[in-house]
Amino acid sequence: MNKITVALASDHAGFALKEELKTEITRLGLDYLDLGTNSSDSVDYPDFGRAIADALIEGRADRGVIVCGTGIGISIAANRVNGVRAAVCHDATTARLAREHNDANVLALGARIVGTEVAKDCLHAFLSATFDGGERHQRRVDKLG
Ligand code: RB5
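Residue 723 is where the sequence shown ends in our numbering, and the numbering goes up by one at each step.
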C-alpha cells in the first residue's frame with residue numbers, strides 16, 4: 579500500500595466508527611486527516627460530505643472515508659462536488675470493485691448497517707485495490723465528469 583493520506587469525516591451516527599477507522603489507518607502505516615465530527619452530538623451530514631470533497635479537490639488528501647448512519651446522505655453530499663466519486667460499500671467486494679471499476683476516491687460506510695469488522699474489511703479492500711485502468715472503465719469514469 580502506497581503511503582497516502584486518508585481524510586475521514588462523519589456525522590454523529592458515524593462518529594464511533596470513524597474513530598475506530600482512524601486507529602486502523604494508523605495501524606496500516608498511513609496518515610489521516612480528521613475533518614470531524616468530534617463527538618456524538620447531532621450534526622448535519624452534508625457539512626461533512628462537503629468537507630471531505632473539499633479536502634480531496636484541494637489535494638489535502640488522496641482518499642476519503644465518510645461515515646453516517648447509512649452511508650447514503652454523506653455520500654450524496656460528497657458526490658455533488660465534481661471529481662469526487664464516493665461509493666457506499668457494504669463488504670470487501672463492493673469496496674474493491676469501487677476502486678477497480680469506478681476509480682472511487684471516497685469510501686462511504688453506514689455505521690448502522692455494517693459492523694466494525696466488516697467496515698475494516700471494506701477499508702483494507704478500498705485502500706489496497708487499484709483502478710483497473712482498462713479502456714472501457716476509463717471511458718465510463720470520464721463520462722461521470
Ligand atoms: C442521522 O440520523 C442519519 O439520518 C444520517 O446519519 C444518515 O444515515 C443519513 O443518510
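Quick reminder that beta carbons are idealized off the backbone N, C-alpha and C, glycines included.
Asked: Contact test: D699 Cβ vs ligand 1 heavy atom, cutoff 6 Å; Found: no
Asked: Minimum C-alpha distance to T604 - residue among L705, G712, V719, Q716; Found: L705
Asked: Inter-residue spacing [alpha-carbon to alpha-carbon] between T615 and I691; Found: 19 Å
Asked: Contact test: I650 Cβ vs ligand 1 heavy atom, cutoff 6 Å; Found: yes
Asked: Beta-bridge pairing of A682 - partner residues as DSSP gives them; Found: For A682, which the question treats as bridged, DSSP gives no partner whatsoever.
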